[in-house]
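A quick write-up on the structure given underneath.
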Amino acid sequence: MPTLNALSFLLQKSLSETFGADKYSRTRKEVLTYMFSRPMQMALYFCTGVLDDETLFHHYALNVPFYTHFTSPIRRYADILVHRLLSASLGATSPIKMEKEAIQKQADHCNDRKMASKRVQELSADLFFSVFVRVRPKAVFSQGISGFPCEKPTWTGGFVYALGFRKGKQ
């Protein structure tokens with residue numbers, strides 16, 4: 146049985162072989178990637194000093210034991226914090242005078258804001274799609290529809306590839 150670390154590689158390899166090379170391979174890739182990535186846990190910011198279990202530092206998709214991610218420090222507070230901590234740890238600047246619990250509190254706040262932002266983005270896309278379907282109910286989709294929402298007593302779900310919208314509610 147493969148280790149957890151090898152599973153992401155095997156999943157990617159299996160999906161790549163499943164896509165095929167016909168005219169629907171791109172659609173299959175989009176749908177399968179969406180279906181597999183949707184239930185995965187979103188990446189979280191955390192302070193390594195408050196976690197005892199180093200296996201939690203592992204990046205599943207990249208299959209690396211230690212991982213940090215940041216972009217330009219002009220974009221987000223989390224990136225500014227990571228840049229400052231990295232700079233201090235490399236000795237380029239003075240040490241940061243923050244307790245690890247305070248850093249974790251900042252990470253938690255960034256996670257809360259990131260999740261709220263993601264939720265607003267999803268709701269905005271859902272609203273736009275609802276208005277679009279209402280205004281153009283008979284729109285022609287040149288790429289075809291891979292899936293379409295269907296109502297059931299307890300849930301609604303679907304995938305519209307041509308526009309990249311998804312709708313799911315439980």
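For the working numbering, count along the sequence shown from 1 and bump the result up by 145. From the three backbone atoms N, C-alpha and C, an ideal C-beta is built for every residue, glycine too. Just so it is clear, the structure is predicted and the values come from calculations on it, not from any experiment.
- Straight through space, the alpha carbons of LEU235 and ARG229 are spaced by roughly 10 Å.
- Straight across, the Cα-Cα distance linking LYS242 with ARG264 is about 34 Å.
- At a cut-off of 4 residues, the continuous stretches assigned as alpha helix (DSSP H) that sit fully inside the region 186-257 are 222-234.
- PHE211 has its alpha-carbon roughly 8 Å from the corresponding atom of THR200.
- Assignment of ALA166 by DSSP, reduced to helix, strand and coil, places it in the coil class.
- For the 8 Å CB-CB criterion, CYS255 and ALA233 do not form a contact.
- Residue state for ARG281 is assigned as coil, using DSSP reduced to three classes.
- A residue is called buried once 16 or more other Cβ atoms fall within 10 Å of its Cβ, and VAL227 is buried on that count.
- Cα atoms of TYR179 and VAL209: separation of roughly 22 Å, rounded to the nearest angstrom.
- By the 16-neighbour rule on beta-carbons within 10 angstroms, THR163 is exposed.
- Take the alpha-carbon of SER170 and the one of SER161: they are about 10 Å apart.
- The shortest C-alpha to C-alpha distance from LEU207 to any of SER269, PHE154, PHE277, SER262 is the one to PHE154.
- Around the beta carbon of THR172, a 10 Å sphere encloses 16 or more other beta carbons of the protein chains shown; the residue is thus reported as buried.
- If you compare the alpha carbons of TYR190, ASP167, ALA166, TYR205 with that of PHE181, the shortest gap goes to TYR205.
- Exclusion of the five residues before and after LEU156 leaves PHE181 as the residues of its chain whose Cβ lies within less than 8 Å of its Cβ.
- In this structure, the CA atom of ARG258 is about 21 Å from the CA atom of LEU196.
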